[in-house]
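Working notes, structure below.
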Amino acid sequence: MNDSAQPICALDDIPDGGGLEAAPAVLVLRRGAQAWAYRNVCPHFSIPLNYEPDAFWTYDGGLLMCAHHSAMFRFEDGVCVDGPCEGASLVRVPIRIEDGRVLIET
Ligand code: FES
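One point on numbering: in full-length UniProt numbering, the residue at position 73 of the sequence shown is 73, and numbering is uninterrupted.
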């Protein structure tokens with residue numbers, strides 16, 4: 001366990017099947033009791049994945065779409081499975097869930 005972990009939000013703050021920018025430039029995606037965090041930077045043009053605060057486009061609780069050119073990323077590993085940067089990955093941010101809180105490992 002990493003003692004330097006910091007809480008960034010409650011799991012319930014994140015829409016189930018959606019995403020939340022829970023810390024500066026950190027996007028947290030949730031499906032049920034699971035969550036994954038990535039830097040909010042699209043590997044296509046190195047710009048944020050959203051164009052409005054906390055407006056993330058997601059599908060079927062499993063895919064995140066970049067708002068700019070529609071690249072599609074899997075929640076669980078951040079890999080782009082369709083779009084202009086297919087095969088590229090979001091940069092993972094290590095987190096863990098504890099007592100209903102999402103903690104970022106610093
Ligand atoms: S900037 Fe994300 S798909 Fe182009």
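Glycine included, C-beta positions come from ideal geometry on N, C-alpha and C.
Rounded C-alpha distance that separates residue i from residue j
i           : j       : result
Ser-89      : Phe-73  : 8 Å
Leu-64      : Pro-48  : 12 Å
residue 127 : Glu-21  : With the chain covering 1 to 106 only, the question about residue 127 has no answer from this structure.
Pro-94      : Trp-36  : 8 Å
residue 107 : Asp-3   : Residue 107 lies beyond the range of the chain shown here (1 to 106); nothing can be said about it.
Val-81      : Val-91  : 15 Å
Leu-103     : Val-79  : 22 Å
Pro-15      : Cys-85  : 26 Å
Cys-42      : Glu-105 : 22 Å
Proximity below 8 Å, CB of residue i to CB of residue j
i      : j      : result
Arg-39 : Gly-61 : no
Gly-83 : Leu-11 : no
Phe-56 : Leu-27 : yes
Asn-50 : Ala-67 : yes
Any chance you could list the beta strand (DSSP E) runs of at least 3 consecutive residues sitting entirely within the stretch 9-96, in chain order?
-> 19-23, 26-31, 34-39, 57-59, 63-65, 72-74 and 80-82
Hey, which residues come within less than 5 Å of the ligand FES, measuring from Cβ to any heavy atom, in chain order?
-> Cys-42, His-44, Phe-45, Cys-66, His-68, His-69 and Ala-71
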